[in-house]
Amino acid sequence: MTKTAHDFAKASAKALGDRQSRAILHKAIGHIRVLRQRSVNAMPDFAERQARAVAVRDKTLAKLPELLEKLEASVTAVGGRVHYAETAETAATLVARILSERGAKLVVKGKSMVSEEMGLNEVLEAAGIEAVETDLGEYIIQLAGQRPSHILAPALHVSKEQVSDLFARKFGRTSTDIPEMTRIARDSLRQKFLAADAGITGCNIAIAETGTVTVLENEGNIRLSGSCPPIHIALMTLEKVVETLADAAVVLDILPPAATGQTLPVHLSFFTGARREGERDGPREMHLVILDNGRSDILADPKLRSILRCIRCGACLNVCPVYQSVGGHAYGTVYPGPMGSVISPLLKDNPGDPRQPFACTHCAACSEACPAGIDHPALLQELRRRVSETETDLPVAAFSLLARHPLLFGGAAAVGRLFDPKLREVAAVAPDAPVGRFLRCREFPGLARPFSRRFKALARRLKRLQGGRA
Amino acid sequence: MEAFLFIPCLVEHVLPQVGEATTAVLVRAGLTPVLPKGQTCCGQFAYKRGRADLVRPLARRFVEIFQDAPVVVCPSGSCTAMVRRYPSLFAEDDPFREQAAHVAAKTFELGQFLVERLGLTDLGARWDLTAALHGSCQTTRVLGAGSATEALLAKVAGLTLVPLARPERCCGFGGAFSIDYPEASEAIVAEKIDDIVASGAEAVITAEPSCLLNIASAMAKRDLPIRALHLAEVLAGEGI
Ligand code: SF4
Numbered sequence: 001m002t003k004t005a006h007d008f009a010k011a012s013a014k015a016l017g018d019r020q021s022r023a024i025l026h027k028a029i030g031h032i033r034v035l036r037q038r039s040v041n042a043m044p045d046f047a048e049r050q051a052r053a054v055a056v057r058d059k060t061l062a063k064l065p066e067l068l069e070k071l072e073a074s075v076t077a078v079g080g081r082v083h084y085a086e087t088a089e090t091a092a093t094l095v096a097r098i099l100s101e102r103g104a105k106l107v108v109k110g111k112s113m114v115s116e117e118m119g120l121n122e123v124l125e126a127a128g129i130e131a132v133e134t135d136l137g138e139y140i141i142q143l144a145g146q147r148p149s150h151i152l153a154p155a156l157h158v159s160k161e162q163v164s165d166l167f168a169r170k171f172g173r174t175s176t177d178i179p180e181m182t183r184i185a186r187d188s189l190r191q192k193f194l195a196a197d198a199g200i201t202g203c204n205i206a207i208a209e210t211g212t213v214t215v216l217e218n219e220g221n222i223r224l225s226g227s228c229p230p231i232h233i234a235l236m237t238l239e240k241v242v243e244t245l246a247d248a249a250v251v252l253d254i255l256p257p258a259a260t261g262q263t264l265p266v267h268l269s270f271f272t273g274a275r276r277e278g279e280r281d282g283p284r285e286m287h288l289v290i291l292d293n294g295r296s297d298i299l300a301d302p303k304l305r306s307i308l309r310c311i312r313c314g315a316c317l318n319v320c321p322v323y324q325s326v327g328g329h330a331y332g333t334v335y336p337g338p339m340g341s342v343i344s345p346l347l348k349d350n351p352g353d354p355r356q357p358f359a360c361t362h363c364a365a366c367s368e369a370c371p372a373g374i375d376h377p378a379l380l381q382e383l384r385r386r387v388s389e390t391e392t393d394l395p396v397a398a399f400s401l402l403a404r405h406p407l408l409f410g411g412a413a414a415v416g417r418l419f420d421p422k423l424r425e426v427a428a429v430a431p432d433a434p435v436g437r438f439l440r441c442r443e444f445p446g447l448a449r450p451f452s453r454r455f456k457a458l459a460r461r462l463k464r465l466q467g468g469r470a
Numbered sequence: 001m002e003a004f005l006f007i008p009c010l011v012e013h014v015l016p017q018v019g020e021a022t023t024a025v026l027v028r029a030g031l032t033p034v035l036p037k038g039q040t041c042c043g044q045f046a047y048k049r050g051r052a053d054l055v056r057p058l059a060r061r062f063v064e065i066f067q068d069a070p071v072v073v074c075p076s077g078s079c080t081a082m083v084r085r086y087p088s089l090f091a092e093d094d095p096f097r098e099q100a101a102h103v104a105a106k107t108f109e110l111g112q113f114l115v116e117r118l119g120l121t122d123l124g125a126r127w128d129l130t131a132a133l134h135g136s137c138q139t140t141r142v143l144g145a146g147s148a149t150e151a152l153l154a155k156v157a158g159l160t161l162v163p164l165a166r167p168e169r170c171c172g173f174g175g176a177f178s179i180d181y182p183e184a185s186e187a188i189v190a191e192k193i194d195d196i197v198a199s200g201a202e203a204v205i206t207a208e209p210s211c212l213l214n215i216a217s218a219m220a221k222r223d224l225p226i227r228a229l230h231l232a233e234v235l236a237g238e239g240i
């Protein structure tokens, strides 16, 4: 096994020990799932909408380089600037440089997974720039010194009571009443919006023909981050572009229902360039940073390309039995769950555990839920194949060899039967070995007299019985 | 008509009663079950570990064994799904690919075979039992045989099906997954069992031997008085 910085098996085992977190996670995901189901049920034509969205995503990927050029031209035409970054690290450095050159000291951020991927907050901090998260969930996570655990609901793993304690510590003011808690956070954040030198946002969809950056949210903080401060920096990964406004509408048709069960989110912002002559508000400068971090290689790979259809709705996380049990942090990457298990190992910077694609039961709930029609099990299978090619898997090789020779296979089973009662003891002696851990919650079933030895007599008896009845 | 039995290794060596029940059900459906010699394992385990190269020789053996069968019937959704994938393991220009496709096309999961090929739903079985159905992921989502299972169970006299809160949820076995990530697997099966217990069922029924084994062995560890039955056992009726 390759040595890795992150070991999902260990991290997940540890996460499973935390009963309280698991209970919170369950409740929260269960709630989202119900909302989603309700909204999908309310749209009898959801499948058609979905098919249209998949077609738009595929069309986009088929001409991605051309669309990015178009996007760059459009953004430039409306007074913005486009920057390409090959890796997460170069992207973060680039953002820090833009800010430092302009003497920025305080930055407000709207939720952005891309900035997490870049490790932006740390880089900004090192450059002496304070970055304040303004999305409530993200703000909570930042105050708590944690990382998001879900691509859509970053604080999904935190309970209301935990947030209340956190607020008491940080603000000396608290409540467990949600509107009141929101007010406490807002009081602290409002001053930041007014004082900020720049605002950083993510991007759900970029529209090539108009140079527009679109973001969806329920709180309005991203909207303020992108319009209040004098500089707006939007971050996106390169596949987030679509060609036209009409194409964006097709994606918007399925994203909120699949994500939060809403028809549309509370706020849907379209940021198009910087403030123009004669306009009274909006940022004076607008930058769009487009991150690659391994994605152009994925695009060039016909077997894996379809993961770039992902619209970050989080539906696959919410139905994944593994994610539901271990939570997002165990993955050790920015993108957890099924979509993360596919995309993370393919990223250049911070790819996570290369064995991540193996941590899946092949239940296919993810592909069933995915509005972008991504076949995660097939993609994970391809990644497993690539990892396995480079290593020897002795148990599997031995099993396969035996299975090629029926006599040996039967013989091995016979030997197994001989030792049958002893196997349980083996598990007791080596409780930390895989077999021991496997049997910790299972009663060893034992090996039976093979079916094939009983078949002939059984078939004869059954035929006789059947004949008698007929 | 003869129906060739494809008995997965797990059934052959651990759950022979499932093979017996399958035989009985086929006889009751008016078929003559045939058990060709030399079958071992479909290679699913190696496939899920990403080792298609180790599955290929097993696929070749399988195709040789079942080439001339009029139809191949298997009491496992996941093993049937594996056989259906065989053609994809061989290159486009490999003549073997076509042979594999030929065999894959006539291989069926038991329930799907009965309902979709024979048009049978009522096999005259009787069980006085309150049971919950665990629709295995491979049988339902991957193979699309879930509705056949339901149709067959609906016709079993005396059987009352009680719903699970999350019938669609995986039991956490996933072949190598349960050995590579035993803690996560344990957590997932624990929930499945909690769900079964909460349903008040006296038994849990599934069409997938791996799920059956996983759920049954985890229930046994907890000393729960709940039976675990394969679809074939239910269709064969009490006391074959
Ligand atoms: S992979 Fe599919 S379900 Fe998962 S986040 Fe992306 S679009 Fe949503």
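In order, the protein sequence lines correspond to chains G and B.
Just so we're aligned, residue 1 is where the first sequence starts under UniProt numbering, counting upward by one.
Just so we're aligned, residue 1 is where the second sequence starts under UniProt numbering, counting upward by one.
The C-beta atom is built at its ideal place from N, Cα and C for all residues, glycine as well.
By a C-beta neighbour count over all protein chains shown, 10 Å radius and 16 as the cutoff for buried, is Val319(G) buried or exposed? buried
Taking the alpha-carbon of Gln50(G) as reference, which of Ala369(G), Leu143(G) and Asp349(G) has the nearest alpha-carbon? It is Ala369(G).
Suppose only complete runs of 4+ residues qualify. What are the alpha helix (DSSP H) ranges in the segment 373 to 406 of chain G, listed by chain order? 376 to 389 and 394 to 403
Among Phe66(B), Phe45(B), Arg56(B) and Leu54(B), nearest to Glu2(B) - alpha-carbon criterion: Phe66(B)
Does the CB of Leu288(G) have a neighbour CB from chain B at under 8 Å? no
When we look at the beta-carbon of Thr2(G) and count the other beta-carbons within 10 Å, is it buried (16 or more) or exposed? Bear in mind that the predicted position of Thr2(G) carries a pLDDT of just 43, short of 50, making it unreliable; the figure below should be weighed with that in mind. With fewer than 16 Cβ atoms within 10 Å of its Cβ, Thr2(G) is classed as exposed.
Is the distance from the Cβ of His134(B) to the Cβ of Cys171(B) below 8 Å? Yes, the Cβ-Cβ distance between His134(B) and Cys171(B) is below 8 Å.
Is there at least one non-hydrogen atom of the ligand SF4 closer than 7 Å to the beta-carbon of Ile311(G)? Indeed, a heavy atom of the ligand SF4 lies less than 7 Å from the Cβ.
Taking 8 Å as the CB-CB cut-off, is Phe455(G) touching chain B? yes
Could you check whether the Cβ of Met339(G) sits closer than 7 Å to any heavy atom belonging to the ligand SF4? yes
Spatial neighbours of Ala91(G) within its chain, please: CB distance less than 7 Å, with the 5 preceding and 5 following residues excluded, ordered by chain position. Ala85, Met118, Val289 and Leu291
Using CA coordinates, which residue listed in Val114(G), Leu71(G) and Ala397(G) is at the minimum distance from Leu58(B)? Ala397(G)
Best match in Val40(G), Ala206(G), Arg147(G) and Ile24(G) for proximity to Lys70(G) [C-alpha to C-alpha]: Ala206(G)
Rounding to the nearest angstrom, what Cα-Cα distance links Gly77(B) and Gly38(B) in this structure? 21 Å
Give the C-beta separation of Thr87(G) and Lys348(G) to the nearest angstrom, bearing in mind that I take them to be a contact with Cβ-Cβ under 8 Å. 5 Å
According to the Cβ coordinates, are Leu152(G) and Ala42(G) closer than 8 Å? No, the pair does not count as a contact, with Cβ atoms beyond the cut-off.
Alpha helix (DSSP H) runs contained entirely in the segment 318 to 379 of chain G, provided each spans 4 or more residues: 321 to 326, 337 to 343 and 365 to 369
Given Phe173(B) as reference, the closest of Pro36(B), Ser217(B), Arg141(B) and Leu153(B) once Cα atoms are compared: Ser217(B)
If you follow the alpha helix (DSSP H) that Ile141(G) is part of, which residue opens it and which one closes it? Where Ile141(G) is concerned, the enclosing alpha helix (DSSP H) stretches over Leu136 to Ala144.
When we look at the beta-carbon of Lys111(G) and count the other beta-carbons within 10 Å, is it buried (16 or more) or exposed? buried
Helix, strand or coil, according to DSSP, for His287(G) in the structure here? His287(G): strand per DSSP, three-state reduction.
Within the same chain, show all residues whose beta-carbon is closer than 6 Å to that of Ser212(B), passing over the 5 residues directly before and after it, in chain order. In the sequence as presented, Ser is not what sits at residue 212(B); that position holds Leu. Same-chain partners within the cutoff: Thr206, Ala228 and His230.
Could you tell me whether the Cβ of Val189(B) comes closer than 8 Å to any Cβ of chain G? yes
Ser344(G) and Gly337(G) look like a contact to me (Cβ under 8 Å); what is the Cβ gap, rounded to whole Å? About 10 Å; that fails the 8 Å criterion.
Assuming Leu123(B) contacts Arg28(B) under a Cβ cut-off of 8 Å, what Cβ separation, rounded to an integer in Å, is found between them? 6 Å
In the structure shown, what three-state DSSP assignment does Ala126(G) receive? Correct three-state label for Ala126(G): helix.
Per-residue contacts from Val11(B) into chain G (C-beta, under 8 Å): Phe451
Which complete beta strand (DSSP E) runs does the segment 56 to 90 of chain B hold, if anything under 3 residues is left out? 72 to 74
State yes or no: is the beta carbon of Ala459(G) nearer than 8 Å to at least one beta carbon in chain B? Yes, Ala459(G) lies at the interface with chain B (some Cβ there is under 8 Å from its Cβ).
Could you compute how far the alpha carbon of Ala220(B) sits from the alpha carbon of Arg355(G)? 31 Å
Could you give the residue range of the alpha helix (DSSP H) that holds Val163(G)? Segment Lys160 to Phe171, the alpha helix (DSSP H) holding Val163(G).
Could you tell me if Gln20(G) is buried or exposed, where buried requires 16 or more neighbouring beta carbons within 10 angstroms of its beta carbon? Its Cβ having fewer than 16 others within 10 Å, Gln20(G) is exposed.
Assess contact between the segment 132 to 149 of chain B and the segment 362 to 381 of chain G, defined as three or more Cβ pairs (one per stretch) separated by less than 8 Å. Is contact present? yes
Below 7 Å on C-beta distance, what does Phe419(G) contact in chain B? What Phe419(G) touches in chain B: nothing, since even the nearest Cβ is about 13 Å away.
Which residues in the same chain have their Cβ closer than 6 Å to the Cβ of Val25(B), if we skip the five residues on either side of it in sequence? Ala232, Leu235 and Ala236
Pro33(B): first and last residue of the uninterrupted beta strand (DSSP E) it sits in: Thr32 to Val34
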